[in-house]
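Report on the following structure.
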Amino acid sequence: MPDNPALVNDPRVTATMRFTAKVSGYKEYRSLTEDPGRYLVTKDKKDWKAFKTPGLRELALTSPYMHNGVFETIDEVIEFFNKGGGDDKNKSPLLAPLNLNKEEKQELKALSLKFRRRQLLKTNMYFLTSSARSRCLIILSACANT
Ligand code: HEM
Numbered sequence: 004m005p006d007n008p009a010l011v012n013d014p015r016v017t018a019t020m021r022f023t024a025k026v027s028g029y030k031e032y033r034s035l036t037e038d039p040g041r042y043l044v045t046k047d048k049k050d051w052k053a054f055k056t057p058g059l060r061e062l063a064l065t066s067p068y069m070h071n072g073v074f075e076t077i078d079e080v081i082e083f084f085n086k087g088g089g090d091d092k093n094k095s096p097l098l099a100p101l102n103l104n105k106e107e108k109q110e111l112k113a114l115s116l117k118f119r120r121r122q123l124l125k126t127n128m129y130f131l132t133s134s135a136r137s138r139c140l141i142i143l144s145a146c147a148n149t
């Protein structure tokens, strides 16, 4: 994962990162320049800079992306994975170049924009009484227009 220059150069972020490392028992916290990720929990070298695989629900609304917010757009994320997902030494073997063409990248983007709660809610609403369902639909369409 590339560094986010806006975070690397922000002393508040460095201080918070070092404080978190200190309370996690990381002795060299004063010289820390990168987020150790899950390593702080397990103290296992293979977890150095490992981060949780996030859910993709509401992706259209949750920019910036990745643990450090380095990508502003979904296109940047797709490009990152298309090129193989970075060059970290602990990288998962599942991450390899995808060689997607322009259309495939567009389809992936269109799909990821569809992970919306509104649609999930609509599906779940079939369990409601008809009057509750119509009230929910009014609220949902009001939300969609804001
Ligand atoms: C075309 C394939 C893929 C797409 C489109 C994709 C999409 C995404 C997106 C949009 C995010 C950011 C989510 C957010 O910040 O809210 C993300 C993060 C992540 N993805 Fe993927 N992903 C792909 C493949 C993979 C694979 C194969 C793996 C693991 C083997 C993986 C592991 C992760 C991890 C660990 C993160 C969090 C990284 C961090 O926070 O720094 N992804 N992915």
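So for the sequence shown, the working numbering puts the first residue at 4; every next one is plus one.
Where is the CB? At the ideal position from N, CA and C, for every residue including glycine.
Between the alpha carbons of residue i and residue j, how many angstroms are there, rounded?
i      : j      : result
Arg138 : Ser144 : 10 Å
Leu35  : Val73  : 19 Å
Pro8   : Lys55  : 21 Å
Asp50  : Ser133 : 50 Å
Ala113 : Lys30  : 45 Å
Pro5   : Phe83  : 10 Å
Ala99  : Ile81  : 13 Å
Could you please give the first and the last residue of the uninterrupted alpha helix (DSSP H) stretch that includes residue i?
i      : result
Tyr42  : 42-45
Asp78  : 77-85
Glu110 : 105-115
Arg21  : 14-26
Leu10  : 8-11
Please classify residue i: does DSSP put it in a helix, a strand, or coil?
i     : result
Tyr68 : strand
Phe54 : coil
Can you round the beta-carbon distance between residue i and residue j to whole angstroms, since I take them to be within the 8 Å contact cut?
i      : j      : result
Asn85  : Lys108 : 7 Å
Ser115 : Leu59  : 6 Å
Leu62  : Phe118 : 5 Å
Asn71  : Asp38  : 7 Å
Arg24  : Leu43  : Note that residue 24 is Ala in the sequence shown, not Arg. Indeed, because the Cβ distance is near 6 Å, the residues count as touching under 8 Å.
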